[in-house]
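Undergrad:
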Amino acid sequence: MADVMSTAVSGLLAFQRALDTTSQNIANAATPGYSRQRVELTTRPAQPYGSGWIGSGVQISTVARVYDSFLAAQVRSSASSLARYDTVATAAGRLDNVLGESSNGIAAAFRNFVNAFHDVASDPSSATARQALLSQAEVFVAQMAGYDSRMRSFASDINQQLQAGASAVSALASSLAELNGQITEAYGRTGQPPNDLLDQRDGLIDELSTHVDVSVVTQDDGAANIFIGTGQPLVVGRSATTLGVAADPFDPTRLMLAVRNNGAAIDISSQVSGGSLGGLLEFRAQILDPARDALGRVAAGIVEVINGQHARGMTLSGAMGGEFFAIGAPTVLASTSNGGGATVTAQIGAASGLTGSDYVLEYTGSWELRNATSGALVPLSGSGTPADPFTADGLRLVVAGAPAMGDKYRIEPTRDLIDGLALRISDPAAIAAASPVRSAAAAGNMGSGELTAPVVTDAAHAALRSTVTIEFTSDSTYMVNGSGPFTYVPGASVDVNGWRAQLNGAPAAGDRFTVADNTGGVGDNANLMAIIGALEAPALGGGTTAIADAATQLVSRIGTQTAQAQANRDAFDVVHQQDMAAQQSVSGVNLDEEAANLIMLQQAYQAAAQLIAVAQSMFDSLLDATRR
Amino acid sequence: MRMSTLGSHYSLVNQMLRQQSEMARTQMQVSTQRRVLTPADDPIAAGRILSLETQISAYAQYERNTNAVQTRLSIEEQALADAGTVLRRVRDLTLQANSGALDDVSRAAIATELDERIRELQAIGNRRDASGEFLFAGHSTGTQPFVRTAAGMAYAGDQGVREVQVSPTQSVRTGHDGFDVFMDVAAGNGSFIVDAGALNAGSGWIAPLTVVDEAAWTGGSYTLRFVDAAGYEILDTSGVQVATGSFASGDAIDFAGVRFSITGAPAAGDTFTIAAAGRQDLFTSLDRLAATLRLPTGTERERAHFSTGITTSLGAIDAGLDHLLDVRAQVGARLNVIDNVNAARDGLELELQSAVSTLRDVDPVEAISRLVMQQNALTAAQKSFAQFSQLSLFDYL
Numbered sequence: 000m001a002d003v004m005s006t007a008v009s010g011l012l013a014f015q016r017a018l019d020t021t022s023q024n025i026a027n028a029a030t031p032g033y034s035r036q037r038v039e040l041t042t043r044p045a046q047p048y049g050s051g052w053i054g055s056g057v058q059i060s061t062v063a064r065v066y067d068s069f070l071a072a073q074v075r076s077s078a079s080s081l082a083r084y085d086t087v088a089t090a091a092g093r094l095d096n097v098l099g100e101s102s103n104g105i106a107a108a109f110r111n112f113v114n115a116f117h118d119v120a121s122d123p124s125s126a127t128a129r130q131a132l133l134s135q136a137e138v139f140v141a142q143m144a145g146y147d148s149r150m151r152s153f154a155s156d157i158n159q160q161l162q163a164g165a166s167a168v169s170a171l172a173s174s175l176a177e178l179n180g181q182i183t184e185a186y187g188r189t190g191q192p193p194n195d196l197l198d199q200r201d202g203l204i205d206e207l208s209t210h211v212d213v214s215v216v217t218q219d220d221g222a223a224n225i226f227i228g229t230g231q232p233l234v235v236g237r238s239a240t241t242l243g244v245a246a247d248p249f250d251p252t253r254l255m256l257a258v259r260n261n262g263a264a265i266d267i268s269s270q271v272s273g274g275s276l277g278g279l280l281e282f283r284a285q286i287l288d289p290a291r292d293a294l295g296r297v298a299a300g301i302v303e304v305i306n307g308q309h310a311r312g313m314t315l316s317g318a319m320g321g322e323f324f325a326i327g328a329p330t331v332l333a334s335t336s337n338g339g340g341a342t343v344t345a346q347i348g349a350a351s352g353l354t355g356s357d358y359v360l361e362y363t364g365s366w367e368l369r370n371a372t373s374g375a376l377v378p379l380s381g382s383g384t385p386a387d388p389f390t391a392d393g394l395r396l397v398v399a400g401a402p403a404m405g406d407k408y409r410i411e412p413t414r415d416l417i418d419g420l421a422l423r424i425s426d427p428a429a430i431a432a433a434s435p436v437r438s439a440a441a442a443g444n445m446g447s448g449e450l451t452a453p454v455v456t457d458a459a460h461a462a463l464r465s466t467v468t469i470e471f472t473s474d475s476t477y478m479v480n481g482s483g484p485f486t487y488v489p490g491a492s493v494d495v496n497g498w499r500a501q502l503n504g505a506p507a508a509g510d511r512f513t514v515a516d517n518t519g520g521v522g523d524n525a526n527l528m529a530i531i532g533a534l535e536a537p538a539l540g541g542g543t544t545a546i547a548d549a550a551t552q553l554v555s556r557i558g559t560q561t562a563q564a565q566a567n568r569d570a571f572d573v574v575h576q577q578d579m580a581a582q583q584s585v586s587g588v589n590l591d592e593e594a595a596n597l598i599m600l601q602q603a604y605q606a607a608a609q610l611i612a613v614a615q616s617m618f619d620s621l622l623d624a625t626r627r
Numbered sequence: 000m001r002m003s004t005l006g007s008h009y010s011l012v013n014q015m016l017r018q019q020s021e022m023a024r025t026q027m028q029v030s031t032q033r034r035v036l037t038p039a040d041d042p043i044a045a046g047r048i049l050s051l052e053t054q055i056s057a058y059a060q061y062e063r064n065t066n067a068v069q070t071r072l073s074i075e076e077q078a079l080a081d082a083g084t085v086l087r088r089v090r091d092l093t094l095q096a097n098s099g100a101l102d103d104v105s106r107a108a109i110a111t112e113l114d115e116r117i118r119e120l121q122a123i124g125n126r127r128d129a130s131g132e133f134l135f136a137g138h139s140t141g142t143q144p145f146v147r148t149a150a151g152m153a154y155a156g157d158q159g160v161r162e163v164q165v166s167p168t169q170s171v172r173t174g175h176d177g178f179d180v181f182m183d184v185a186a187g188n189g190s191f192i193v194d195a196g197a198l199n200a201g202s203g204w205i206a207p208l209t210v211v212d213e214a215a216w217t218g219g220s221y222t223l224r225f226v227d228a229a230g231y232e233i234l235d236t237s238g239v240q241v242a243t244g245s246f247a248s249g250d251a252i253d254f255a256g257v258r259f260s261i262t263g264a265p266a267a268g269d270t271f272t273i274a275a276a277g278r279q280d281l282f283t284s285l286d287r288l289a290a291t292l293r294l295p296t297g298t299e300r301e302r303a304h305f306s307t308g309i310t311t312s313l314g315a316i317d318a319g320l321d322h323l324l325d326v327r328a329q330v331g332a333r334l335n336v337i338d339n340v341n342a343a344r345d346g347l348e349l350e351l352q353s354a355v356s357t358l359r360d361v362d363p364v365e366a367i368s369r370l371v372m373q374q375n376a377l378t379a380a381q382k383s384f385a386q387f388s389q390l391s392l393f394d395y396l
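Just so you know, the protein sequences line up as chains C and R, in that order. Residue numbers 0 to 627, in numbering that gives the first Met the number 0, belong to the letters of the first sequence in order. Residue numbers 0 to 396, in numbering that gives the first Met the number 0, belong to the letters of the second sequence in order.
1) Judging by CA-CA distance, which residue of R:S20, R:Q19, R:A267, R:L36 is the nearest neighbour of S356 of chain R?
2) Is it buried or exposed for K382 of chain R, if we count other Cβ within 10 angstroms and need 16 for buried?
3) What are the boundary residues of the alpha helix (DSSP H) that D205 of chain C is part of?
4) So which residues of chain R does V629 of chain C contact, with C-beta pairs closer than 9 Å?
5) Using beta carbons (cut-off 8 Å, strictly below), is A131 of chain C in contact with chain R?
6) Identify, in the order they occur along the chain, each residue of the same chain with its Cβ nearer than 8 Å to the Cβ of Q18 of chain R, setting aside the five sequence neighbours on each side.
7) Given that a residue counts as buried once 16 or more other Cβ atoms are within 10 Å of its Cβ, and exposed if not, what is Y48 of chain C?
8) Assess contact between the region 191-210 of chain C and the region 62-81 of chain C, defined as three or more Cβ pairs (one per stretch) separated by less than 8 Å. Is contact present?
9) To the nearest angstrom, how far is the alpha carbon of V89 of chain R from that of R127 of chain R?
10) Which residues, in order along the region 509-543 of chain C, keep a beta-carbon less than 9 Å from a beta-carbon of chain R?
11) What would DSSP say about D183 of chain R, mapped onto helix, strand or coil?
12) Spatial neighbours of V165 of chain R within its chain, please: C-beta separation below 8 Å, excluding the five flanking residues on both sides.
13) So, helix, strand or coil for D516 of chain C, using DSSP?
14) Rounded to whole angstroms, what's the CA-CA distance from A275 of chain R to G268 of chain R? Just pull it up for me.
15) So which residues of chain R does R369 of chain C contact, with C-beta pairs closer than 8 Å?
16) According to DSSP, is P265 of chain R part of a helix, a strand, or is it coil?
17) Would the beta-carbon of I227 of chain C fall within 8 Å of that of L175 of chain C?
18) Nearest to V211 of chain C by CA position, among C:P453, C:D195, C:Q231, is which residue?
19) Does the separation of the CB atoms of T4 of chain R and A366 of chain R fall below 8 Å?
20) Which residues in the same chain as I347 of chain C place their Cβ atom closer than 6 Å to its Cβ, once the five residues preceding and following it in sequence are excluded?
21) For the region 265-281 of chain R, enumerate the residues whose C-beta is nearer than 8 Å to any C-beta of chain C, in chain order.
22) Would you check if there are 3 or more beta carbon pairs closer than 8 Å linking the region 324-336 of chain C to the region 366-381 of chain C?
23) Going by C-alpha to C-alpha distance, which of C:Q23, C:T20, C:V3, C:N24 sits closest to A45 of chain C?
24) I'd like to know if the region 428-439 of chain C and the region 303-319 of chain C are in contact, where contact means that at least 3 CB-CB pairs between them fall below 8 Å.
25) Quick check on the DSSP output: the beta strand (DSSP E) that includes V165 of chain R runs from which residue to which?
26) Are S269 of chain C and G164 of chain C closer than 8 Å when you measure CB to CB?
27) Please report the Cβ distance between L161 of chain C and L287 of chain C, rounded to the nearest whole angstrom; I am assuming they are in contact, meaning their Cβ atoms lie under 8 Å.
28) Among C:S351, C:T314, C:Y408, which one has its Cα closest to the Cα of Y362 of chain C?
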């Protein structure tokens with residue numbers, strides 16, 4: 000009887016706890032991160048009797064959390080990747096929208112600008128066409144500056160997001176360290192797992208994994224040590240590391256992820272690849288910086304081509320053309336750890352040599368230039384003095400002052416060029432449409448010889464616009480300004496005073512040709528035709544890429560990168576949902592299951608209660624029997 | 000697999016969200032009629048589209064360029080036609096003046112009309128194009144090219160001709176300079192010129208006929224001198240006798256590959272010159288004609304001078320007409336080039352447009368049927384979600 004009673008009571012207590020747990024499961028059916036709990040029932044030790052072992056009821060060994068740490072790690076890993084590619088895809092998509100629009104993107108801006116040159120070439124003395132060209136040039140400059148400032152604002156957004164992300168990670172780290180303490184303490188006190196604290200910690204780690212890639216190592220005392228990136232400890236037991244930002248050693252406006260260790264900030268950006276922070280770093284290094292470099296390179300090409308040819312032309316007022324655009328200079332950033340006092344200045348030497356890469360110039364007893372990404376040595380020619388600068392990859396570098404051993408300078412050739420892009424001329428008449436010199440045959444020439452229009456090869460030649468007379472002394476010899484004679488062959492080039500022209504046809508003795516100042520030549524468009532030709536010629540990439548193609552390449556590269564990031568995001572979205580489903584299938588609450596459990600436990604509880612009634616009636620029977 | 004309630008709820012919701020975003024994309028494609036909305040949708044196609052659009056835009060520019068060239072060349076053609084009309088009228092006047100029935104007064108009247116025609120020709124040379132530029136001033140389109148000075152008509156323009164690009168590979172000259180059109184005209188019959196000596200006493204006058212042997216005509220200068228009324232000798236520039244002959248009025252004289260005739264009765268000692276044709280501007284030719292028309296014709300000698308002058312002038316007018324025709328033919332050829340370029344460009348533009356359309360535009364039938372399909376799928380997902388949510392064991396407790 001006593002045994003029946005105590006067995007029944009053990010059942011009642013066990014089923015009550017089990018019903019408690021079921022109701023907890025039902026109540027938390029919609030709680031994110033909740034792992035269903037299960038009461039683990041075992042039989043109580045049986046009592047020996049002569050006839051054998053009689054059971055003595057049920058006991059609760061533990062309330063277990065149904066949880067698989069392998070599945071949890073998979074969910075975190077896919078969450079990290081998803082957050083990374085989502086960040087890259089979102090940011091790249093914004094850039095893609097800015098640059099790629101076919102009606103007002105960079106390619107269209109360049110097209111409209113070139114067309115305006117054509118319009119002036121058709122009607123060089125028209126003030127309207129000239130004004131339209133200037134307006135279109137202004138629009139072009141404004142559009143380039145607009146892209147540049149959008150991309151700069153992306154860069155400063157990234158700084159802010161890194162800062163915000165780092166402080167979110169730090170806050171999570173300190174919460175996790177605190178939870179570690181509570182969990183260790185609860186374990187130590189009861190020897191039982193504090194399920195809800197564990198769920199809470201897992202939830203925080205899941206959240207952490209969306210910021211950065213994490214790995215978790217659980218200790219025997221229940222604490223979890225958490226590492227980020229490739230193994231940087233973030234939480235060890237009850238102590239947390241603060242993640243922050245620090246300026247790039249070359250560029251104070253560029254923030255990097257860093258941990259503080261004994262007061263010194265250690266840059267861990269290269270170790271972080273996952274999560275939204277990894278995505279931000281990847282977008283900046285792989286997409287944004289190259290895009291800015293490429294856009295700057297396009298601008299450098301346009302400016303070099305137009306300025307170079309414009310200076311060889313003559314304006315409406317008869318002056319030489321001069322510069323059409325102004326543009327910035329390559330950025331040179333000294334490392335904060337430099338010890339010497341050398342200064343390095345860089346200029347674009349030839350836009351066609353530009354590669355779009357960054358470089359590091361280091362003093363190791365002599366100056367060495369390396370590609371900043373690949374680390375490959377770039378051969379330098381020249382001596383680095385203003386008269387004989389170092390030249391490499393389209394750059395001209397001048398060093399002055401005394402460097403210390405190991406001093407480094409980062410050179411970003413084209414990234415900030417557009418910052419200085421501006422129109423140099425504001426007067427429509429200052430567009431140099433005409434050639435400064437023109438050729439003419441003398442009246443009364445007897446032969447059929449012709450002198451082509453002279454092409455300016457050296458705009459700075461002092462005697463460029465002086466009159467030059469070419470006189471044939473026979474049908475096969477000619478004098479140039481009285482010197483000579485030169486032998487005539489059809490197609491012969493005459494190179495004088497910074498211009499070049501060809502003699503063709505069959506001239507007769509005594510025929511004269513002159514090249515003279517193009518005074519009053521307001522209807523001439525020769526220089527514009529040269530500019531248009533040069534803009535369509537392959538001016539970039541070592542003479543392989545036309546400017547319009549470079550702009551198109553920039554757009555399609557960003558499109559490709561965006562498409563790639565979007566594809567990765569979609570893929571990891573699916574992977575992440577599968578991982579979540581796998582984890583949920585183990586740890587999630589199923590209400591039908593709980594309902595079934597509820598029925599079973601309720602029936603068991605009712606049966607155990609009936610046992611007590613049986614024990615009561617057994618006891619009553621015994622009392623009745625002994626009352627007589 | 001065991002399903003958790005929350006998990007199946009999420010997966011159903013996610014499914015619907017995904018279907019909705021796909022539907023939104025399709026809807027966007029249908030409403031914009033574009034398959035490639037941003038370069039990321041199809042980076043390779045986007046790159047092609049950009050370069051095709053660059054070409055289309057370039058061709059639109061070439062079309063504008065050809066229109067400008069066409070306008071300018073048409074204006075030039077009209078000017079050349081008008082100049083031709085003037086020269087033909089001058090020719091008629093000259094023939095009229097040469098008829099012999101006219102007295103000095105009538106010829107002077109013709110000379111007055113000729114002066115008017117010369118001014119008309121000058122005005123044609125000073126015509127402007129649609130944007131106010133002087134047509135025949137070369138590059139100096141702001142400078143009036145033809146100005147009369149004490150020494151005759153002067154050309155103040157230059158010999159520049161501008162070119163405009165009309166296709167990726169072709170540029171067309173947009174006109175001719177005034178030197179080329181009015182100044183650089185072959186003198187005489189284009190090969191040689193003849194003249195009578197100013198002091199000739201007889202009534203002989205000379206007319207150039209033709210070149211009979213291109214190879215023999217070396218282009219030197221010669222003087223034909225009458226030894227007596229029936230015989231002549233031909234001297235070169237050093238005075239060395241190179242040929243002799245006997246004279247009959249009006250008969251052709253062949254010498255060094257050229258043929259000319261002397262008519263009338265030259266006196267002994269009269270000289271005529273034969274020289275290589277140089278270049279002479281139209282205005283000088285016409286000015287000389289005007290001067291000839293004002294010459295007195297009272298004596299035989301005077302009439303001979305007059306006849307030589309008229310003959311030379313007729314030759315110069317014919318040469319001028321030929322020259323203008325030449326220039327007009329060049330203009331015509333250029334306009335023809337432009338027509339060809341236009342035709343080729345129209346075809347190419349259409350091709351480029353359709354290439355862009357193939358790359359960028361959505362197939363509306365496909366897109367709309369896709370939209371309907373996606374809509375059906377979403378409806379099904381929504382219905383099954385509602386059904387699925389209603390299933391619960393708790394309903395039976």
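Built from N, CA and C at the ideal position, the CB exists for glycine as well.
TA: A quick look at the data gives this:
1) Counting from one through the second sequence, the residue named residue 356 of chain R turns up at place 357. Between S356 of chain R and the set R:S20, R:Q19, R:A267, R:L36, the nearest pair of CA atoms involves R:L36.
2) By one-based count along the second sequence, residue 382 of chain R stands at place 383. With fewer than 16 Cβ atoms within 10 Å of its Cβ, K382 of chain R is classed as exposed.
3) As a working note, residue 205 of chain C is residue 206 in the first sequence. Residues 194-210.
4) Here chain C covers residues 0 to 627 and nothing more, so residue 629 of chain C does not appear.
5) Position 132 of the first sequence, counting from 1, holds the residue named residue 131 of chain C. Cβ-Cβ to chain R under 8 Å: no for A131 of chain C.
6) Here the question's residue 18 of chain R lines up with position 19 in the second sequence. Correct list, in chain order: Q373, A376, L377, A380.
7) For the purposes of this step, residue 48 of chain C is taken as the residue at position 49 of the first sequence. Counting Cβ neighbours within 10 Å, Y48 of chain C comes out exposed, since fewer than 16 surround it.
8) Result yes; three or more Cβ-Cβ pairs closer than 8 Å.
9) Your numbering for residue 89 of chain R matches position 90 in the second sequence. Your numbering for residue 127 of chain R matches position 128 in the second sequence. Near 24 Å, if we compare the C-alpha coordinates of R127 of chain R and V89 of chain R.
10) A515, N517, T518, G519, G520, V521, G522, D523, N524, A525, M528, I531, G532, E535
11) Within the second sequence, residue 183 of chain R is the residue found at index 184, counting from 1. For D183 of chain R, the three-state secondary structure derived from DSSP is coil.
12) Taking the second sequence and counting its residues from 1, the one referred to as residue 165 of chain R is at position 166. Counting only Cβ-Cβ distances below 8 Å, and skipping sequence neighbours, we find Y61, N64, T65, V68, V171, V336, I337, V340.
13) Here residue 516 of chain C refers to the residue found at position 517 of the first sequence. Three-state DSSP puts D516 of chain C in a strand.
14) Looking up residue 275 of chain R in the second sequence gives position 276. Looking up residue 268 of chain R in the second sequence gives position 269. C-alpha separation (whole angstroms): 23 Å.
15) Mapped onto the first sequence, residue 369 of chain C falls at position 370. The premise fails here: R369 of chain C is roughly 31 Å from chain R at the closest Cβ pair, so nothing lies under 8 Å.
16) Numbered from 1 along the second sequence, position 266 holds the residue referred to as residue 265 of chain R. DSSP, reduced to helix, strand and coil, places P265 of chain R outside both helices and strands of the structure shown, so it counts as coil.
17) Here residue 227 of chain C refers to the residue found at position 228 when the first sequence is read from its first residue. Here residue 175 of chain C refers to the residue found at position 176 when the first sequence is read from its first residue. The Cβ atoms of I227 of chain C and L175 of chain C do not sit closer than 8 Å to each other.
18) For this step, residue 211 of chain C is matched to residue 212 along the first sequence. It is C:Q231 whose Cα lies nearest to the Cα of V211 of chain C.
19) Numbered from its first residue, the second sequence carries residue 4 of chain R at position 5. Numbered from its first residue, the second sequence carries residue 366 of chain R at position 367. In this structure, A366 of chain R does not lie closer than 8 Å to T4 of chain R by Cβ.
20) Taking the first residue of the first sequence as 1, we reach residue 347 of chain C at position 348. Same-chain partners within the cutoff: A299.
21) A275, G277, R278, D280
22) no
23) Here residue 45 of chain C is taken as the residue at index 46 of the first sequence, counted from 1. The candidate whose alpha carbon is nearest that of A45 of chain C is C:V3.
24) yes
25) The sequence position of residue 165 of chain R within the second sequence is 166, counting from 1. Careful: V165 of chain R lies outside any beta strand (DSSP E) and carries neither H nor E.
26) One-based indexing of the first sequence puts residue 269 of chain C at position 270. One-based indexing of the first sequence puts residue 164 of chain C at position 165. No; because the gap between Cβ atoms is not below 8 Å, this pair is not in contact.
27) Locating residue 161 of chain C in the first sequence gives position 162, where the first residue counts as 1. Locating residue 287 of chain C in the first sequence gives position 288, where the first residue counts as 1. About 13 Å; that fails the 8 Å criterion.
28) By one-based count along the first sequence, residue 362 of chain C stands at place 363. Per the Cα distances, C:Y408.
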